[in-house]
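Here is the structure we will look at, set down as structure tokens.
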Amino acid sequence: MMRHDGWNYTSSLLTLLFACQPRTAVLPSAGIDASQQLVMVVTSNWTSTTGTMTRFERATPTSVWNRLEAPIPLVVGRTGIAWGVGFDDVSSDGPHKQEGDGKAPAGMFPLDTAFGFAPRDSMQNVRLPYVQLRPTTDCVDDTASNHYNTVVDRTAVSRVDWNSAEHMRQVAQYKIGVIVGYNASPPVKGRGSCIFLHIWAGPDSHTAGCTAFDEAKLREVMLWLDPNKRPLLVQLTGQEYQKLQSRWRLPALKMNDN
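So the sequence shown is residues 193 to 450, counted in my numbering.
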């Protein structure tokens, strides 16, 4: 989610809603075992607005994880990160995400839909399902709406039942991005919405709850993600990563790099 302070719709509405709506949090023991692509985000503490991202991949779900590159810098929510829906009981430490709290969700989540300003036919190298953002594309953050935490075309619904939404085509940092599968099926009202990987406004910026980094690197990540490899985002503080690495079967990180 990003605030300013700061597929082409030939498919049916039903297809749009299900294709664009993020999935629920993944149980770590099940999710990590099926995945072959991992985007690992680590921040220094719960209130830090900066962190690093490291990508890992493996040949099969039972292979050893291989690190693709050195960690790169990124920014998260303006007030840090907090445990997302599905991860409230993981640890006694840390806050719990709420709508509008300015925190990016901590936990493990699927990355299964890309988006951007360009039409689909110019994004043929993107393997994820792709949503072209139009002037009428909204991501609904109104907790009273039946479309809460869903990306929709407001001209394609029978009734616009929300008073608050991100008009995604108006946000320059949404030129390209990836929907984070957070808080859905069904969403828990008030626990956060519209969570993305998107372009940052610079290393000293922050978001309202998303994870953002350099445009060139984001484009590289978008092209790398393969739905057949069940890509995941894991987002934790360094301390929680150290506590959960073995239990969640996460790859090793050199913490002095993060």
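We put the CB at the ideal spot given by N, CA and C, even for glycine.
Close beta carbons around residue i, own chain, < 7 angstroms, minus the five adjacent residues each side
i, result
"residue 289", "274, 275, 276, 295, 297, 383 and 384"
"residue 317", "415"
Close Cβ partners of residue i (< 8 angstroms) along its chain, the five nearest in sequence each way excluded
i, result
"residue 395", "242, 265 and 267"
Simplified DSSP state of residue i, which is helix, strand or coil
i, result
"residue 340", "coil"
"residue 330", "strand"
"residue 446", "coil"
"residue 387", "coil"
"residue 258", "strand"
"residue 423", "coil"
"residue 353", "coil"
"residue 362", "helix"
"residue 276", "coil"
"residue 225", "helix"
"residue 281", "coil"
"residue 396", "coil"
C-beta neighbour in chain B for residue i, strict 8 angstroms
i, result
"residue 306", "Absent from the structure: chain B. Only one protein chain is present."
Close beta carbons around residue i, own chain, < 6 angstroms, minus the five adjacent residues each side
i, result
"residue 437", "none"
"residue 439", "none"
"residue 418", "319"
"residue 315", "322"
Those residues which DSSP pairs with residue i across a bridge
i, result
"residue 293", "Answer by DSSP bridge pairing: none, since residue 293 is not bridged."
"residue 265", "244"
"residue 302", "424"
"residue 308", "324 and 368"
"residue 404", "267 and 390"
Limits of the alpha helix (DSSP H) - the one that residue i falls within
i, result
"residue 178", "The chain is shown from 193 up to 450; residue 178 falls before or after that span and cannot be answered."
"residue 431", "430-440"
"residue 408", "407-416"
CB of residue i within 8 angstroms of CB of residue j, strictly
i, j, result
"residue 358", "residue 334", "no"
"residue 380", "residue 303", "no"
"residue 391", "residue 402", "no"
"residue 233", "residue 306", "no"
"residue 269", "residue 400", "yes"
Boundaries (first-last residue) of the beta strand (DSSP E) holding residue i
i, result
"residue 315", "That residue, residue 315, is in no beta strand (DSSP E); it is neither H nor E in DSSP."
"residue 325", "That residue, residue 325, is in no beta strand (DSSP E); it is neither H nor E in DSSP."
"residue 252", "Unbroken run through residue 252: none, as it is neither H nor E."
"residue 229", "229-235"
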